[in-house]
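Numbering (the numbering used here), first residue to last: 7 to 296.
Here you go:
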């Protein structure tokens, strides 16, 4: 494997591993958080198994919310978010090394590297304390308020809360489901946007749509995976509609948004010398079997 091929593989591997690692850490943090609040749940006053509507139980709701905040703000989730944002820097370095090998790009401007910090802050804003509060803690408080005021079964309420936090065999927990999409999308969009920024002044005319196929690969990506396209061809996709498309996709942003939400593909700038002749002769692209 050549150095260039290794860099491409490292880039593709990170697009899979970085969001997957954050997702796995979020799932573990959810389970830990549920264990942290279980004692508080079990302390709710009941009569014949039904939660009593009184001042003490209302106070326990806020106590439970405080325990959840402490669990997420001081535990594995926060550490995972820090590691996730550091991965943006590592991915930028892989991209810079690729452009050095493929296009002899030596100097990376400060305005290009500034994109790293902006993207890191965006990820923190979407996945940090505010997200935990809005996506998990506030909805959970609503469930508990409803349970206390209606005298719901404590056993049933505990089961509902556990599923809300941890999920089940078919559905992710509330935070993990959100985190998976956001971590996937923000990291991939950063990777493609950084690629666009590096390529800005290089007059690149050919691109390789790459990243592999998985069970959830949408048809838009499946049809393009592994194929080479001219810049104008890629720009033309911005006017199309497809499932999972990110709002705001156009002839410019298609290079950053690609297939849309959860898309891990790269629209990779390549040298014309690496493009197979069949594509230059406009041979018909194979249709995806899906």
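A virtual CB, placed ideally from N, CA and C, is assigned to each residue, including glycine.
Residue(s) in a DSSP beta bridge with residue i
i: residue 52; result: 57
i: residue 236; result: 212
i: residue 178; result: 173
Limits of the unbroken alpha helix (DSSP H) element including residue i
i: residue 106; result: 82-109
i: residue 161; result: 160-172
i: residue 220; result: Per DSSP, residue 220 belongs to no alpha helix (DSSP H) and is neither H nor E.
i: residue 125; result: 116-133
i: residue 156; result: 144-156
i: residue 206; result: From DSSP, residue 206 is part of no alpha helix (DSSP H); its letter is neither H nor E.
Under 8 Å between C-beta atoms of residue i and residue j
i: residue 125; j: residue 94; result: yes
i: residue 171; j: residue 36; result: yes
i: residue 55; j: residue 142; result: no
i: residue 257; j: residue 244; result: yes
i: residue 185; j: residue 52; result: no
i: residue 122; j: residue 17; result: no
i: residue 74; j: residue 39; result: yes
i: residue 98; j: residue 200; result: yes
i: residue 217; j: residue 21; result: yes
i: residue 226; j: residue 25; result: no
i: residue 163; j: residue 43; result: no
i: residue 195; j: residue 64; result: no
i: residue 273; j: residue 234; result: no
Separation of residue j from residue i, as counted between CA atoms
i: residue 110; j: residue 11; result: 16 Å
i: residue 48; j: residue 67; result: 12 Å
i: residue 241; j: residue 116; result: 27 Å
i: residue 82; j: residue 88; result: 10 Å
i: residue 222; j: residue 190; result: 13 Å
i: residue 27; j: residue 60; result: 42 Å
i: residue 90; j: residue 252; result: 22 Å
i: residue 187; j: residue 113; result: 33 Å
i: residue 165; j: residue 264; result: 40 Å
i: residue 148; j: residue 80; result: 24 Å
i: residue 267; j: residue 275; result: 21 Å
i: residue 70; j: residue 103; result: 48 Å
i: residue 175; j: residue 182; result: 13 Å
Limits of the beta strand (DSSP E) - the one that residue i falls within
i: residue 276; result: 272-276
Residue burial classification, residue i (beta-carbon count within 10 angstroms, cutoff 16)
i: residue 215; result: buried
i: residue 299; result: Outside the shown range of the chain (7 to 296) lies residue 299, about which nothing can therefore be said.
i: residue 279; result: exposed
i: residue 13; result: buried
i: residue 209; result: exposed
i: residue 145; result: exposed
i: residue 197; result: buried
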